[in-house]
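When we follow the numbering used here, the leftmost residue of the sequence shown carries the number 8, and every step to the right adds one. Here is the structure we will look at, set down as structure tokens.
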Amino acid sequence: MSWSSMRGGWWCQSQSRPRTTPMPPPARSRNRVPTAVLFDTLSTPVAPSFEWPTKPNRTISGLHWAYILVGTADGTVLPFVPLYLFDRGLTAAWIGLVLAVAAAASLVLGLAWAYLADRRFSPERMVVAASVAASAVALLLALTSGALTLALVIVALSVARSPMMLLDPIALRRLLTTRRTDYARIRLRMSAGWAASAIGSGAVFQTLGLRLIPFVYAPLSALAGLWVWHALKPATESQPPESGSERDPSGRRATIPIGLVGFLVSCFLLGASLAATQNFLTLQINVLGGGAVLVGAAAAFQALTEIPTMGYTHVLRRYLSHRVLFAIGCGVYLVIFVAWAFASDALTAALLKLAAGVGFALTYVAAVMIANDVSPVRLRATGQALVKSVLFGLAPIAGTLSGGLLYGAFGPRVMFLASTAVVAAAGLIALFAIRGSGRRSEPRRRDQLALPAGGILLSEGSAHPGEHTK
Numbered sequence: 008m009s010w011s012s013m014r015g016g017w018w019c020q021s022q023s024r025p026r027t028t029p030m031p032p033p034a035r036s037r038n039r040v041p042t043a044v045l046f047d048t049l050s051t052p053v054a055p056s057f058e059w060p061t062k063p064n065r066t067i068s069g070l071h072w073a074y075i076l077v078g079t080a081d082g083t084v085l086p087f088v089p090l091y092l093f094d095r096g097l098t099a100a101w102i103g104l105v106l107a108v109a110a111a112a113s114l115v116l117g118l119a120w121a122y123l124a125d126r127r128f129s130p131e132r133m134v135v136a137a138s139v140a141a142s143a144v145a146l147l148l149a150l151t152s153g154a155l156t157l158a159l160v161i162v163a164l165s166v167a168r169s170p171m172m173l174l175d176p177i178a179l180r181r182l183l184t185t186r187r188t189d190y191a192r193i194r195l196r197m198s199a200g201w202a203a204s205a206i207g208s209g210a211v212f213q214t215l216g217l218r219l220i221p222f223v224y225a226p227l228s229a230l231a232g233l234w235v236w237h238a239l240k241p242a243t244e245s246q247p248p249e250s251g252s253e254r255d256p257s258g259r260r261a262t263i264p265i266g267l268v269g270f271l272v273s274c275f276l277l278g279a280s281l282a283a284t285q286n287f288l289t290l291q292i293n294v295l296g297g298g299a300v301l302v303g304a305a306a307a308f309q310a311l312t313e314i315p316t317m318g319y320t321h322v323l324r325r326y327l328s329h330r331v332l333f334a335i336g337c338g339v340y341l342v343i344f345v346a347w348a349f350a351s352d353a354l355t356a357a358l359l360k361l362a363a364g365v366g367f368a369l370t371y372v373a374a375v376m377i378a379n380d381v382s383p384v385r386l387r388a389t390g391q392a393l394v395k396s397v398l399f400g401l402a403p404i405a406g407t408l409s410g411g412l413l414y415g416a417f418g419p420r421v422m423f424l425a426s427t428a429v430v431a432a433a434g435l436i437a438l439f440a441i442r443g444s445g446r447r448s449e450p451r452r453r454d455q456l457a458l459p460a461g462g463i464l465l466s467e468g469s470a471h472p473g474e475h476t477k
């Protein structure tokens, strides 16, 4: 209803009321506004001070579901690989060797994928290809019989999944530098998907057998790839090329900074300790009487605490730098490793994964943000791939080999206690090797928001309210 119709309705009602005495006219004011001007002013629609966004941010929404689907698919296979190999007849030493070779292959090809993503191919399309390839390779697990063939297929699966590490550079490219704490809120959705699928698939595998892993993982991986292909268009299609202000004005070729090299050493030590403890904790839970259900529950326990920790990382960043958060996460792991060394039942070992989720959330989010901070603008995908290749590729080679040897020769207690010294060194190195990562990563001008890997420059307030907060 317009202002004029409302005014007319009120006037008709007032004329129908009986009046005993006429009302005196209002006193004239020197500054009285003419009636026509006042009426026009009242009739003009006024924009509200706040509007709910009429359109959801499809890019951010697409990232949310991409992380959920990838986490759901990974939760059906990654927690159970050591147990699957053990069920197929491999010893702890052989399991460590197979996982080390798989990590080495993933390391080499992961760096190659990152190089191509920075210079030639779209990382979004590479993630799609990786999802489809991993789905096809996983089905080969059902056709293997010998130990050597099984080991080769596990290595091939790791190679097929290696481009999945490009999902983080894709997310950071779409987030504004002033709100890159939103990365943690996006990443926690992968933990949520992981938790749900790990519990559900663990119950299924406990009842029907571990040989169902390929048939559960393959369709979920293909679904994740289909969603990325549909929802995450390549940056060249949806965003203009990198702004000239983000390039090196000297025209020199970007190189890897010294701070990143020192941080890679810290990541290597952390990754080695995690590979040794996490992989063989699965065997320890099984030896202590737990089965696939408890193994899946342990993976879900970690994800359950990752989610709130990642959700509140932006609060911690108001007081602590990324390197301090990384060191705190290493300290959390140190305490957990000591507790695992003396755990005597499977349930206690699994419940300690609740604390491991806090350590993982702090170290992982801090590692991603540190790599983004210290890497040159044109090599941010390469910087992310270096950190992930060291943390989840090179370090597991040493961690799984040494962990398998220590577990088989001296028992789990020695292996867990040795890992405490390694993770302590990782935290100390992180405190002193990356001085360039300050308390905040603010842009040079607060009236401009720039995409970290190049992209649209937006004036503050041009985006819909709430568009970049979820």
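All residues carry an ideal CB built from backbone N, CA and C; glycine is no exception.
Item to check | Chain-order list of residues whose beta-carbon lies under 6 Å from that of leucine 398 (same chain, five-residue window excluded) | outcome: The answer, listed in chain order, is Cys274, Gly278.
Next on the checklist: Assuming lysine 360 is part of the alpha helix (DSSP H), what are its boundary residues?
Outcome noted: 360 to 381
Next on the checklist: Less than 7 Å between C-beta atoms, sequence neighbours within five positions excluded: which residues of the same chain meet that for glycine 338?
Outcome noted: Gly434
Next on the checklist: Let me make sure I understand the geometry here. Which of Val166, Ile335, Gly207 has the alpha-carbon closest to that of alanine 304?
Outcome noted: The residue with the shortest Cα to Cα distance from alanine 304 is Gly207.
Next on the checklist: Rounded to whole angstroms, what is the Cα-Cα separation between leucine 148 and threonine 156?
Outcome noted: The alpha-carbon atoms of leucine 148 and threonine 156 are separated by roughly 9 Å.
Checklist entry - Which same chain residues, not among the five before or five after tyrosine 122, have their C-beta less than 7 Å away from its C-beta? => result Thr389
Item to check | Buried versus exposed call for tyrosine 326 [16 or more other C-beta atoms within 10 Å across all chains shown] | outcome: exposed
Next on the checklist: Check for me: the alpha helix (DSSP H) holding arginine 325 runs from which residue to which?
Outcome noted: Run containing arginine 325: none; DSSP gives neither H nor E here.
Item to check | Neighbour-count burial assignment, isoleucine 265, 16 or more Cβ in a 10 Å radius | outcome: exposed
Item to check | Nearest-angstrom Cα separation, counted from threonine 312 out to isoleucine 377 | outcome: C-alpha of isoleucine 377 to C-alpha of threonine 312: approximately 22 Å in a straight line.
Checklist entry - When burial is assigned at 16 or more other CB atoms within 10 Å of the CB, is threonine 61 buried or exposed? => result Low confidence applies to threonine 61: its pLDDT is 40, below 50, so where it sits in the model is not reliable enough to give any reading.
Item to check | histidine 190 to leucine 219 span [Cα, whole Å] | outcome: Sequence inspection shows tyrosine at residue 190; the histidine mentioned does not correspond to that position. Answer to the nearest angstrom: the Cα atoms are 33 Å apart.
Next on the checklist: How far does the alpha helix (DSSP H) with aspartate 94 in it extend, from its first residue to its last?
Outcome noted: 88 to 94
Item to check | Distance between leucine 173 and arginine 180 (C-alpha atoms, nearest Å) | outcome: Whole-angstrom Cα-Cα distance: 11 Å.
Next on the checklist: Using the Cβ count rule (16 or more neighbours within 10 Å means buried), how would you classify valine 322?
Outcome noted: exposed
Checklist entry - Which value, in whole angstroms, describes the spacing of the CA atoms of tryptophan 72 and threonine 370? => result Rounded to whole angstroms, tryptophan 72 to threonine 370 spans 23 Å at the Cα level.
Item to check | Meets three-Cβ-pair contact criterion under 8 Å: the segment 288 to 306 and the segment 328 to 344 | outcome: no
Item to check | Minimum C-alpha distance to serine 152 - residue among Leu182, Gly96, Asp175 | outcome: Gly96
Checklist entry - Which one of Phe308, Ala229, Asp125, Ala299 has the shortest CA to CA distance from tryptophan 201? => result Phe308
Checklist entry - Which whole-angstrom value describes the C-beta separation of alanine 109 and valine 162, a residue pair presumed to lie in contact below a C-beta threshold of 8 Å? => result Between valine 162 and alanine 109 the Cβ distance is about 5 Å, and since that is below 8 Å, they are a contact.
Next on the checklist: Closest to valine 166 by C-alpha separation, out of Leu424, Leu116, Trp347, would be which residue?
Outcome noted: Leu116
Next on the checklist: Would leucine 226 and serine 142 qualify as a contact pair, given that the criterion is a beta-carbon distance under 9 Å?
Outcome noted: The sequence given here places proline at residue 226; leucine does not occur at that position. Yes. Within cutoff.
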